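S.K.: Every letter in the sequence shown is one number past the one before it in numbering that gives the first Met the number 0, and letter 262, counting from 1, is 261.
Below you will find the structure I want to go over with you.
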Amino acid sequence: MKGSVKQVFAILVLAGLIVTVLVLSRRSQGTQDDWQDLNAEESLQRFGFHLREVSKEIGIDFTHEAPTLDAKLDAIMPIIASTGASVSVVDFDRDGWPDLYVVNSGEGSRNRLYRNQGDGTFKDVAEEMGVADLNQPGTGVCTGAIWGDFDNDGYEDLLVFKWGRPELFHNDAGKGFTRVTERAGLPKWVNANSAVWLDFDNDGHLDLFIAGYWPENLDIWHLSSTKIMPESFEYAKNGGRKYLLRNRGDGTFEDVTEKMGIASTRWTLGVAAGNLCGTGHPDLFLANEYGLSELYANQDGKRFVEIGWSSGIGRAPKSGMNASFGDIHNQGRFAVYVTNVSEMEYLLQGNNMWVPEEGRFGLETRYQNLANFLGVETAGWSWGAQFGDLNNDGWLDLYLVNGYISADRRQSYWYDYSKIAVANRSIIYDAKNWPALRGRSLSGYQQKCLWINQGGKYLNVAIPVGVSDAYDGRAVAMVDLWNRGVLDVVVANQKGPLLVYRNTVAKENQWIQFELEGSRSNRSAIGARVRLFWNGQQQMQEVSGGNGHASQNQRRLHFGLGKDPHIGRAVIEWPSGQTQTLLAPEVGKLHAVREPQ
Numbered sequence: 000m001k002g003s004v005k006q007v008f009a010i011l012v013l014a015g016l017i018v019t020v021l022v023l024s025r026r027s028q029g030t031q032d033d034w035q036d037l038n039a040e041e042s043l044q045r046f047g048f049h050l051r052e053v054s055k056e057i058g059i060d061f062t063h064e065a066p067t068l069d070a071k072l073d074a075i076m077p078i079i080a081s082t083g084a085s086v087s088v089v090d091f092d093r094d095g096w097p098d099l100y101v102v103n104s105g106e107g108s109r110n111r112l113y114r115n116q117g118d119g120t121f122k123d124v125a126e127e128m129g130v131a132d133l134n135q136p137g138t139g140v141c142t143g144a145i146w147g148d149f150d151n152d153g154y155e156d157l158l159v160f161k162w163g164r165p166e167l168f169h170n171d172a173g174k175g176f177t178r179v180t181e182r183a184g185l186p187k188w189v190n191a192n193s194a195v196w197l198d199f200d201n202d203g204h205l206d207l208f209i210a211g212y213w214p215e216n217l218d219i220w221h222l223s224s225t226k227i228m229p230e231s232f233e234y235a236k237n238g239g240r241k242y243l244l245r246n247r248g249d250g251t252f253e254d255v256t257e258k259m260g261i262a263s264t265r266w267t268l269g270v271a272a273g274n275l276c277g278t279g280h281p282d283l284f285l286a287n288e289y290g291l292s293e294l295y296a297n298q299d300g301k302r303f304v305e306i307g308w309s310s311g312i313g314r315a316p317k318s319g320m321n322a323s324f325g326d327i328h329n330q331g332r333f334a335v336y337v338t339n340v341s342e343m344e345y346l347l348q349g350n351n352m353w354v355p356e357e358g359r360f361g362l363e364t365r366y367q368n369l370a371n372f373l374g375v376e377t378a379g380w381s382w383g384a385q386f387g388d389l390n391n392d393g394w395l396d397l398y399l400v401n402g403y404i405s406a407d408r409r410q411s412y413w414y415d416y417s418k419i420a421v422a423n424r425s426i427i428y429d430a431k432n433w434p435a436l437r438g439r440s441l442s443g444y445q446q447k448c449l450w451i452n453q454g455g456k457y458l459n460v461a462i463p464v465g466v467s468d469a470y471d472g473r474a475v476a477m478v479d480l481w482n483r484g485v486l487d488v489v490v491a492n493q494k495g496p497l498l499v500y501r502n503t504v505a506k507e508n509q510w511i512q513f514e515l516e517g518s519r520s521n522r523s524a525i526g527a528r529v530r531l532f533w534n535g536q537q538q539m540q541e542v543s544g545g546n547g548h549a550s551q552n553q554r555r556l557h558f559g560l561g562k563d564p565h566i567g568r569a570v571i572e573w574p575s576g577q578t579q580t581l582l583a584p585e586v587g588k589l590h591a592v593r594e595p596q
C-alpha cells in the first residue's frame with residue numbers, strides 16, 4: 000500500500016512539474032511573439048543592443064562537416080558523430096585585431112584560421128600558416144582548439160584536441176606554426192571533447208588539461224565490438240580518462256594526473272578552470288554527460304580534491320555539456336552555468352546556475368542551483384553558453400545555443416531514445432541495441448536563447464534582438480571583433496555554418512577593457528583577475544584558457560559600465576600572488592597592462 004501511495008504521489012508531482020513548465024513556456028513564447036516585429040532601432044531603444052548576422056559579408060563562408068565512423072554504428076551515426084563544431088578567439092599575429100580559429104571534423108576536411116584584416120573583413124590563412132590539414136585518416140578528427148603561450152615568448156600557441164591524436168603547434172612570431180606534438184610529450188591518443196590551459200601550480204608556465212570523452216584505447220573508426228556506449232544514463236564512469244599535463248618550462252610536459260589526484264573517467268563535454276574556491280589557485284570544473292558534474296578543488300598547486308558531492312553540484316545526475324563562469328550578481332564571485340537537456344513530455348533536467356554561498360571557501364565551498372529562480376533553466380537540448388555584457392549596461396548577459404539533431408521535422412526519435420535511456424546496463428552499453436535513427440529528428444530546429452541580465456534576473460530577448468537561427472548549435476565565443484568597445488558573438492554549428500553576429504549597442508552605455516600580460520605569471524595572464532569598482536558596485540572577471548563547450552572567448556576582459564560611469568579603481572590579482580591597483584582608469588579605452596616585475 001505504501002509503495003502504491005508513493006507511486007501516485009510521484010506521478011502527481013511529475014504532472015505538476017510538466018504543467019508548470021508548459022505554462023512558463025507559453026508565457027515566454029507569448030512575450031517573444033509580442034516582440035517579433037521589433038526592428039533594429041526599436042531593439043536598441045528597448046534592450047540597448049541589436050545583433051545582425053554578417054558572416055558572408057565579412058568573408059567567412061564555413062560549414063562544419065561531421066565524421067563518418069565505423070560502419071557498425073551506421074544506424075545511430077548522427078548520435079555518435081554529434082560533436083566537433085568549435086570556435087576559439089586569438090590574436091595570433093599580435094596586430095591588435097582578434098582572429099578566429101574554426102575546426103572541422105570530417106575525414107580529410109580542413110580547419111580555418113580567419114585572420115582579421117582590420118578593415119572589417121576576414122581571410123582564411125590556415126593553409127599558409129600550417130594549421131589546416133589536421134583531419135587525416137589514422138590521426139582522428141578535430142573536436143576543438145584552445146590558445147595559450149606555453150613557452151612565454153609573447154605569441155599564443157595552439158592546442159587542437161581531437162577524437163584521436165592531440166596536436167600542439169608553436170606560434171612562430173605570427174608568421175606560421177610549427178608542429179611540436181611529439182617533442183612536447185603529448186598523449187598519443189585522447190578521444191576528447193574539451194580542454195583548457197591553466198597554471199595549476201602558479202609557477203609561471205601554462206599547464207594543460209585534456210578531458211577524454213570516449214575511452215582513450217578506442218579507435219571509433221575500427222571497432223572490434225559495439226560495446227562502447229555509456230554504462231548508464233545517470234552514473235556512467237566508463238568514459239575517457241583525463242590528462243593533467245604539467246609544463247616543465249623547457250617545451251615539454253609531464254603527465255601528473257594520478258599524482259595530483261584526478262581520477263575521473265566520466266563522459267566530459269565541458270571543462271573550465273578558475274579560482275572558484277578562493278584559494279588563489281585554479282580549480283577545475285567538469286560538466287559530464289550521463290552523470291554527475293565534478294569540481295576539483297586545487298590545494299595550493301600540490302593536489303586536487305574532488306568536492307562535487309559536498310559542494311552540492313555533484314548530487315543530481317544530468318547531461319552536462321557546458322561549463323561557464325560569470326559574476327552574475329556583481330558580488331565578486333563566480334556562478335557556474337551548466338547546460339543540460341529539457342524536452343517536454345520526455346526529459347526535464349533543466350540547466351543549472353550554481354551560485355556560491357557566502358562565507359564558504361576552499362573545501363567548504365557550497366553552491367545553490369538558482370537557474371529556475373533566475374529564469375535560465377529551460378532551453379531545450381542545450382550546448383554551449385557564454386557570459387558577456389552585450390548591451391554594456393554593467394551586468395553579464397547569457398547567450399545559449401541548442402538543438403541536437405535536426406532531420407525529418409515530422410518524425411521524432413524521442414520515444415525510442417527514452418526507451419534505451421531506462422534500459423539496463425547490458426542493453427545501453429551495446430550500440431547495436433540502440434534503435435535506428437532512420438532520418439528522424441531528436442530535439443532539432445530549436446530557437447536559441449539570449450538572456451539579458453536585469454540586475455540579477457534574466458529575460459530571454461533572442462528573437463527581438465536579431466537571433467532567430469535554428470541550427471544545431473554547439474560552441475559560442477564572445478569577442479570585440481572590430482575594436483569598437485562592444486562584444487560580438489560567434490557561433491559554431493554542428494553540420495552547419497559558422498555564424499558571426501555583429502553587435503550594435505546604445506551609445507549612452509559606456510565600457511572599458513583590459514589586455515593583461517604576465518611577467519612573473521604566465522605571459523598569457525591566464526588566471527589573472529580584474530575587480531572593477533564603479534558607481535558603488537563591482538564586477539570580477541578572469542582571463543580564461545578555454546571555457547563553455549569547445550570554445551574560447553577573447554583574451555581581453557570587457558566590462559560594460561552603463562550610463563555616466565565613475566570608476567574608482569581596477570584591482571588586478573595576478574596568478575603570481577601580486578596585486579596591482581589602477582586608480583580611475585579611463586572609460587572607453589582598452590588598457591594594456593603588464594604585470595610589474
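All C-beta atoms, glycine included, are put in the ideal place defined by N, C-alpha and C.
The structure presented is a predicted model; accordingly, all values stated were derived computationally and were not measured.
1) Which of the three DSSP states is assigned to Ile79 in this structure?
2) Is it the case that the Cβ atoms of Ala271 and Ser323 are separated by a distance below 9 angstroms?
3) Look at Pro214 and Glu288 and say whether their C-beta atoms are less than 9 angstroms apart.
4) Could you tell me whether the segment 151 to 163 touches the segment 197 to 212, where touching means 3 or more Cβ pairs closer than 8 angstroms?
5) Classify Met343: buried if its beta carbon has 16 or more other beta carbons within 10 angstroms, exposed otherwise.
6) Can you give the Cα-Cα distance for Val53 and Ala65, rounded to whole angstroms?
7) Should His438 be labelled buried (16 or more other beta-carbon atoms within 10 Å of its own) or exposed?
8) Which residue wins for smallest C-alpha separation from Ile79, given the options Gln330, Leu294, Lys431 and Leu556?
9) Would you report the Cα separation of Thr578 and Gly279, rounded to the nearest angstrom?
10) Can Asp90 and Glu155 be called in contact, C-beta distance under 9 angstroms?
11) Per DSSP, what are the beta-bridge partners of Phe91 in this structure?
12) Go through its chain and collect everything with a Cβ distance to Arg424's Cβ below 7 angstroms, but skip five positions before and after it.
13) Who pairs with Thr177 in a beta bridge, going by DSSP?
14) In terms of residues, what are the limits of the alpha helix (DSSP H) holding Phe121?
15) For chain B, find out if any of its Cβ atoms is closer than 9 angstroms to the Cβ of Leu373; answer yes or no.
16) Looking only at C-alpha atoms, which of Thr267, Thr177 and Ser523 sits nearest to Leu556?
17) Under a three-way DSSP split, which group does Asn287 fall into?
18) In this structure, does DSSP put Arg615 in helix, strand or coil?
19) Could you check if Leu362 is buried or exposed, using at least 16 other CB atoms within 10 Å of its CB as the buried criterion?
20) What did DSSP end up calling Gln348 once you bin it into helix, strand or coil?
21) What does Tyr398 pair with, by DSSP beta-bridge criteria?
22) Can you name the start and end residues of the alpha helix (DSSP H) that Glu357 belongs to?
23) Can you list the beta strand (DSSP E) stretches of 3 or more residues lying completely in the segment 235 to 274, in chain order?
24) Buried or exposed: Leu37, going by 16 or more other Cβ atoms within 10 Å of its Cβ?
25) Taking 9 angstroms as the cut-off, decide whether the C-beta atoms of Asp487 and Val478 are in contact.
26) Between which residues of its own chain and Glu507 is the CB-CB distance below 6 angstroms, once the five residues before and five after are set aside?
27) So if DSSP puts Val86 in a beta bridge, which residue, or which two residues, is it bridged to?
28) Which class does Tyr457 belong to by DSSP, given the choice of helix, strand or coil?
29) Around the C-beta of Ala84, are 16 or more other C-beta atoms found within 10 angstroms, so that it is buried, or is it exposed?
30) For Pro564, which residues from the same chain have a beta carbon less than 7 angstroms from its beta carbon, with the 5 sequence-adjacent residues on both sides left out?
31) Give the secondary structure of Asp407 by DSSP, where H, G and I count as helix, E and B as strand, and everything else as coil.
32) Hey, could you find the ends of the alpha helix (DSSP H) Phe46 is sitting in?
33) Taking a contact to mean a Cβ-Cβ separation below 9 angstroms, would you say Gly559 touches Asn390 in this structure?
34) Buried or exposed for Trp308, going by 16 or more other Cβ atoms inside 10 Å?
35) Rounded to whole angstroms, what is the Cα-Cα separation between Phe372 and Val335?
36) For Trp146, which of helix, strand or coil comes out of DSSP?
M.R.: So, from the data block:
1) helix
2) yes
3) no
4) yes
5) exposed
6) 24 angstroms
7) Rather than His, the amino acid found at residue 438 in this sequence is Gly. Gly438 is exposed by the Cβ-count criterion.
8) For Ile79, the nearest C-alpha among the options comes from Lys431.
9) 12 angstroms
10) yes
11) According to DSSP, residue pairing for Phe91 in a beta bridge does not occur.
12) Glu230 and Ser231
13) His169
14) Not the alpha helix (DSSP H): Phe121 falls in the beta strand (DSSP E), residues Phe121 to Asp123.
15) No chain B appears in the structure shown, which is made up of a single protein chain.
16) Ser523
17) Here Asn287 sits in strand by DSSP.
18) Absent from the structure is residue 615, since the part of the chain shown begins at 0 and ends at 596.
19) Exposed, since its Cβ has fewer than 16 Cβ neighbours within 10 Å.
20) coil
21) Gln385 and Leu449
22) Counting along the chain, Glu357 falls outside any alpha helix (DSSP H), and DSSP gives it neither H nor E.
23) For the segment 235 to 274, the continuous beta strand (DSSP E) assignments of 3+ residues that do not extend past its boundaries occur at 241 to 246, 252 to 254 and 266 to 273, in sequence order.
24) buried
25) Yes; because the gap between Cβ atoms is below 9 angstroms, this pair is in contact.
26) Excluding residues within five positions, the ones whose Cβ falls inside 6 angstroms are Lys562.
27) Val101 and Ser550
28) strand
29) With 16 or more other CB atoms across the displayed protein chains lying within 10 angstroms of its CB, Ala84 is buried.
30) Gln509, Trp533, Asn534 and Val586
31) The three-state reading of DSSP puts Asp407 in strand, counting E and B together.
32) Ala39 to Phe46
33) Annotated as proximal: Gly559 and Asn390, with beta-carbon spacing under 9 angstroms.
34) exposed
35) Distance between the alpha carbons of Phe372 and Val335 is about 15 angstroms.
36) strand
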